[in-house]
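Novice:
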Amino acid sequence: MNTAQTDTTAPADGAKGPVCRASDGALSIRNAGKIYDPEGVHVEALKDCSLEIEAGEFVAIVGPSGCGKSTLLNALAGFDGITSGEILLDGEPLATPELDPRPGPDRVVVFQHGALFPWKTVLENVTYGPVVQGIMSQEQANKRAQEMLSRVGLNDIETSYPGQLSSGMQRRVEIIRALINNPRVLLLDEPFRAMDTVTKSASHQYLLELYSATGKTIFFITHDLEEAIFLADKVLVMTTRPGYIKKTLQVKLPRPRQYSMLASEEFLAMKAQLVEAVHEEAVKAFEAGEREMA
Amino acid sequence: MANAAAISGPTFGVRVRKFVVSKQFTRGALAVLGFFVLWQAGSMGLFPFMHAIPTPVTVAGSFWEFMSTGKYWQSWMDSTLRVMYGFVAAQILGIPLGLGMGWNRNFKDFSYPLFELMRPIPPLAWVPVSILFWPTNESSIAFITFIGAFFTIVVNVLGGVSAIPRQLVDAAVSFGASPRQVFWRIVLPATIPSIVTGMMVGIGITWNVVIAAEMIAGNTGLGRLTWEAYLAGHTPGIIVGMISIGVAGYVSSMAVKMIGDWLMPWKKVF
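Same order as they appear, the protein sequences are chains A and B. So for the first sequence, the numbering used here puts the first residue at 1; every next one is plus one. So for the second sequence, the numbering used here puts the first residue at 295; every next one is plus one.
(1) Any C-beta of chain A sitting closer than 9 Å to the C-beta of B/L462?
(2) How many Å lie between A/Q138 and B/G442 at the Cα?
(3) Quick check: the Cα distance between A/R21 and B/L391, rounded to an integer number of angstroms?
(4) Can you tell me whether DSSP reads A/I87 as helix, strand or coil?
(5) Please return the same chain residues whose Cβ sits closer than 6 Å to the Cβ of A/S28, not counting the five positions on each side in sequence.
(6) Starting from the C-beta of A/R193, find all residues in its chain whose C-beta is less than 6 Å away, skip the five residues before and the five after it, and write them out in chain order.
(7) For B/V503, which beta-bridge partners are listed by DSSP?
(8) Is B/A484 near the ligand SAH, in the sense that its beta carbon is under 8 Å from a heavy atom of that ligand?
(9) For chain B, find out if any of its Cβ atoms is closer than 9 Å to the Cβ of A/G129; answer yes or no.
(10) Taking the DSSP output, what are the residues bridged to A/D189?
(11) Determine the DSSP secondary structure at B/G470, reduced to helix, strand or coil.
(12) Who are the neighbours of A/G68 on chain B, taking C-beta pairs under 8 Å?
(13) Taking only beta-carbon positions, decide if B/Q475 is within less than 9 Å of chain A.
(14) Would you mind stating whether A/A95 and A/L236 have Cβ atoms separated by less than 9 Å?
(15) List, in order along the chain, the chain B residues whose C-beta lies closer than 9 Å to that of A/Q133?
(16) List the endpoints of the continuous beta strand (DSSP E) containing A/E92.
(17) Using a C-beta to C-beta distance shorter than 7 Å, which residues of chain B count as neighbours of A/Y161?
(18) In the stretch 95 to 111 of chain A, which residues sit with their C-beta less than 8 Å from some C-beta in chain B, listed in chain order?
(19) Taking all protein chains shown into account, do 16 or more other C-beta atoms lie within 10 angstroms of the C-beta of B/Y406, making it buried, or fewer, making it exposed?
(20) Name the residues in the stretch 176 to 207 of chain A whose C-beta lies less than 7 Å from a C-beta of chain B; which are they?
(21) Which runs of the alpha helix (DSSP H), 4 residues or longer, sit entirely within the stretch 475 to 560 of chain B?
(22) Just to confirm before moving on: does the CB-CB distance between B/G380 and B/T500 stay below 9 Å?
(23) Buried or exposed for B/V545, please, with buried defined as at least 16 other CB atoms from any protein chain shown within 10 angstroms of its CB.
(24) Can at least three beta-carbon pairs, one atom from the stretch 99 to 109 of chain A and one from the stretch 458 to 471 of chain B, be found at a separation below 8 Å?
(25) Note the first and the last residue of the continuous beta strand (DSSP E) segment covering A/D48.
(26) Assuming contact is defined by CB atoms lying nearer than 9 Å, are A/R144 and A/A213 in contact in what I supplied?
(27) How big is the Cα-Cα spacing for B/T363 and B/F357?
(28) Taking the alpha helix (DSSP H) that B/T439 falls in, what are its first and last residues?
(29) Using alpha carbons as the reference points, say which of A/L154, A/P93, A/P97 lies closest to A/T121.
(30) Since A/L210 and A/L179 should fall inside the 8 Å C-beta cutoff, what is the C-beta to C-beta distance between them, to a whole number of angstroms?
(31) With a CB to CB cut of under 8 Å and the five nearest residues on each side skipped, what residues in its chain are close to B/G355?
(32) Among A/T197, A/R172, A/T199, which has the Cα closest to the Cα of A/L188?
(33) Which ranges does the alpha helix (DSSP H) cover as unbroken runs of at least 4 residues, wholly within the stretch 94 to 159 of chain A, from first to last along the chain?
(34) Would the beta-carbon of A/R107 fall within 9 Å of that of A/A141?
(35) Of all the CB atoms in chain B, is at least one closer than 9 Å to the CB of A/G153?
(36) Shorter than 9 Å from the beta carbon of A/P118 to some beta carbon of chain B?
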């Protein structure tokens with residue numbers, strides 16, 4: 001099955017248990033701006049940043065280091081607020097200058113360096129969310145977690161500690177730990193950055209399978225342009241600070257995505273477009289950095 | 295029955311036998327043995343500067359004599375109890391203080407300067423005041439021992455709390471954990487490795503301190519025993535005292551390491 005795009009009320013098949021309506025997870029970012037330390041250093045990280053993400057859409061954001069990617073993600077996750085504009089989730093305000101930032105299990109982040117709790121086993125990590133929210137008993141959560149883990153072939157590591165797993169497995173566990181909360185949006189902050197090529201492509205495969213099984217909205221930050229095109233429905237290029245969306249690339253590649261697509265002309269043409277757009281921004285960012293140093 | 299044995303793993307006896315023939319044990323035993331052989335040779339004239347040191351064989355004879363006296367075992371008992379009191383009190387007061395300073399900015403602003411002012415004062419510099427302040431000798435020695443471990447544990451715990459990766463707390467909050475749950479379920483377990491390190495360092499310091507305090511202010515204990523042997527000009531006795539202190543410290547460290555391994559099943563102490 002493919003991504004749920006419209007107002008079908010039927011749960012995405014393939015996803016067991018409680019599933020949010022397929023129309024959940026639409027993000028609307030309108031003229032979002034963020035100024036850090038307005039009275040002092042005054043760093044403008046986001047300026048008039050606008051974008052629309054449909055429910056169930058897989059969106060990748062690329063851009064030079066130090067652009068507002070992480071600022072935007074922190075605002076979506078509720079770790080930090082914005083200073084102008086608004087962000088809506090399914091039509092309801094998620095972040096405005098007046099709202100206090102508030103994280104929640106409907107928008108879980110998978111972090112670059114991983115945030116599994118080292119002192120908890122895989123099963124305890126995965127069940128943490130539903131148990132701490134009190135929506136499942138430990139037994140119910142265990143059962144649900146075991147189902148989800150075995151679906152991605154991780155059922156034999158339940159009693160392992162994260163430190164005993166490879167980075168690829170850790171990240172898969174972390175994605176499952178996020179998905180068990182049935183979030184409306186999954187926020188991925190360069191989750192595969194530090195991985196070798198083989199682990200990375202295997203991780204892509206797992207993520208795409210989970211995506212097609214759950215139909216969740218995915219907001220994916222990366223530096224890797226090929227990764228962005230290969231995974232996403234839409235790739236957004238962000239400008240250097242102050243960040244806004246400079247270019248939107250619709251990826252027309254059919255799903256399920258195949259590795260042979262990486263060599264197709266269509267793919268290479270898209271990559272060329274992105275390289276150009278990102279390179280311009282990278283040069284600007286570099287020069288701005290030089291000026292700051294001088 | 296055979297099955298049950300297979301599930302519960304090797305028996306204690308089997309594990310001990312395995313350890314005794316293991317590389318780890320043989321290496322350690324070789325080093326200890328080598329040390330005694332060198333010492334024996336040195337005292338017998340191989341190293342002239344060691345002429346005043348009795349040989350291990352002489353010391354072993356003294357050891358036997360000491361061990362047959364009640365006073366020797368009483369000294370063990372007294373020193374061990376003082377270490378326990380001081381060490382346990384340091385954990386009970388030091389761990390919460392370190393956690394509090396690491397977790398609450400306001401509390402740290404209040405307490406840290408005072409703490410940092412007291413920390414450089416060596417435990418032995420507390421001897422005169424604590425003799426004046428505490429009603430009994432026993433309590434003043436335990437107090438000095440406490441001082442030895444207290445500052446170390448607080449600094450370790452404070453460092454541990456400060457080093458908790460931000461995203462662990464962020465993740466927990468995202469999943470819906472309340473501030474109280476974040477503290478008990480995230481901050482505390484994330485700090486356990488630092489607590490254990492503080493305990494490992496602290497137990498060593500408490501033995502150092504208790505011996506010194508006994509030499510200055512005590513009437514009993516392994517430190518006093520060693521000091522009395524010196525005053526009596528009984529050199530083998532001094533060495534018996536020193537070896538006893540070494541053994542006591544070693545056993546205590548191993549016990550703390552076992553507690554550490556039990557506290558953090560996801561990680562070995564070392």
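For each residue, glycine too, the CB sits at the ideal point set by N, CA and C.
Specialist: Well, looking at it:
(1) Your numbering for residue 462 of chain B matches position 168 in the second sequence. By this cut-off, B/L462 is an interface position.
(2) Taking the first sequence and counting its residues from 1, one reaches residue 138 of chain A at position 138. Taking the second sequence and counting its residues from 1, one reaches residue 442 of chain B at position 148. The alpha-carbon atoms of A/Q138 and B/G442 are separated by roughly 43 Å.
(3) In the first sequence, counting from the first residue as 1, residue 21 of chain A sits at position 21. In the second sequence, counting from the first residue as 1, residue 391 of chain B sits at position 97. Note that A/R21 has pLDDT 49, beneath the 50 cutoff, so the model's placement of it is unreliable and the number below is only indicative. In a straight line, the C-alpha of A/R21 is about 48 Å away from that of B/L391.
(4) The residue you call residue 87 of chain A lines up with position 87 of the first sequence. Correct three-state label for A/I87: strand.
(5) Working through the first sequence from its first residue, we reach residue 28 of chain A at position 28. Closer than 6 Å at the Cβ level, and outside the excluded window around A/S28, lie E52, L88.
(6) In the first sequence, counting from the first residue as 1, residue 193 of chain A sits at position 193. Around A/R193: Q112.
(7) In the second sequence, counting from the first residue as 1, residue 503 of chain B sits at position 209. B/V503 pairs with nothing; no bridge assigned.
(8) Among the components modelled here there is no ligand, and therefore nothing to report on the ligand SAH.
(9) Taking the first residue of the first sequence as position 1, residue 129 of chain A is located at position 129. Answer yes: the Cβ-Cβ gap between A/G129 and chain B drops below 9 Å somewhere.
(10) Reading the first sequence from its first residue, position 189 is the one you call residue 189 of chain A. Beta-bridge partners assigned by DSSP to A/D189: A/I221.
(11) Numbered from 1 along the second sequence, position 176 holds the residue referred to as residue 470 of chain B. Looking at B/G470 - three-state DSSP - the assignment turns out to be coil, as it is neither helix nor strand.
(12) Position 68 of the first sequence, counted from the start, is the residue given in the question as residue 68 of chain A. In chain order: nothing, as chain B lies at least about 18 Å away.
(13) Numbered from 1 along the second sequence, position 181 holds the residue referred to as residue 475 of chain B. By this cut-off, B/Q475 is an interface position.
(14) In the first sequence, residue 95 of chain A corresponds to position 95, counting from 1. In the first sequence, residue 236 of chain A corresponds to position 236, counting from 1. With respect to A/L236, A/A95 sits apart: the two C-beta atoms are not nearer than 9 Å.
(15) Taking the first sequence and counting its residues from 1, one reaches residue 133 of chain A at position 133. F469, G470, A471, listed in chain order.
(16) Translated into the one-based positions of the first sequence, residue 92 of chain A becomes position 92. Boundaries of the beta strand (DSSP E) around A/E92: 92 to 95.
(17) Along the first sequence, read from residue 1 onward, the residue named residue 161 of chain A stands at position 161. Per Cβ cutoff of 7 Å: W560.
(18) Per Cβ criterion, the list reads P103, G104, P105, R107, V108, V109, F111.
(19) In the second sequence, counting from the first residue as 1, residue 406 of chain B sits at position 112. It is exposed - the Cβ of B/Y406 has fewer than 16 other Cβ atoms within 10 Å.
(20) Correct list: N181.
(21) If we require 4 residues or more, the alpha helix (DSSP H) runs fully inside the stretch 475 to 560 of chain B come out as 482 to 511, 516 to 525, 529 to 557.
(22) Indexing the second sequence from 1 puts residue 380 of chain B at position 86. Indexing the second sequence from 1 puts residue 500 of chain B at position 206. Yes, these two residues count as a Cβ contact at 9 Å.
(23) What you label residue 545 of chain B is simply residue 251 of the second sequence in a count that begins at 1. Flag for B/V545 reads exposed.
(24) In short, these stretches touch, since the Cβ pair count reaches three.
(25) Within the first sequence, numbered from 1, the residue matching residue 48 of chain A stands at position 48. That run of the beta strand (DSSP E) goes 43 to 53.
(26) Against the first sequence, residue 144 of chain A aligns to sequence position 144. Against the first sequence, residue 213 of chain A aligns to sequence position 213. Contact check for A/R144 against A/A213 fails: the beta carbons are separated by 9 Å or more.
(27) Your numbering for residue 363 of chain B matches position 69 in the second sequence. Your numbering for residue 357 of chain B matches position 63 in the second sequence. Taking the straight line from one Cα to the other gives about 10 Å.
(28) The residue labelled residue 439 of chain B in the question sits at position 145 within the second sequence. Secondary structure note for B/T439: its alpha helix (DSSP H) is the uninterrupted segment 431 to 456.
(29) On the first sequence, position 121 is the one that residue 121 of chain A refers to. Of A/L154, A/P93, A/P97, the residue nearest in Cα terms is A/L154.
(30) What you label residue 210 of chain A is simply residue 210 of the first sequence in a count that begins at 1. What you label residue 179 of chain A is simply residue 179 of the first sequence in a count that begins at 1. Yes, A/L210 and A/L179 are in contact; Cβ-Cβ is about 7 Å, under 8 Å.
(31) For the purposes of this step, residue 355 of chain B is taken as residue 61 along the second sequence, with counting starting at 1. Counting only residues of its own chain and dropping the five nearest sequence neighbours on each side, B/G355 has a CB closer than 8 Å to the CB of P530.
(32) Here residue 188 of chain A corresponds to residue number 188 of the first sequence, with the count starting at 1. Looking at the Cα atoms, A/R172 is the closest of the given residues.
(33) DSSP runs (the alpha helix (DSSP H)) wholly in the stretch 94 to 159 of chain A: 122 to 133, 138 to 151.
(34) As a position in the first sequence, residue 107 of chain A is number 107, starting the count at 1. As a position in the first sequence, residue 141 of chain A is number 141, starting the count at 1. Result no, Cβ atoms of A/R107 and A/A141 do not sit closer than 9 Å.
(35) In the first sequence, residue 153 of chain A corresponds to position 153, counting from 1. Cβ-Cβ to chain B under 9 Å: no for A/G153.
(36) Here residue 118 of chain A refers to the residue found at position 118 when the first sequence is read from its first residue. Chain B has a Cβ within less than 9 Å of the Cβ of A/P118.
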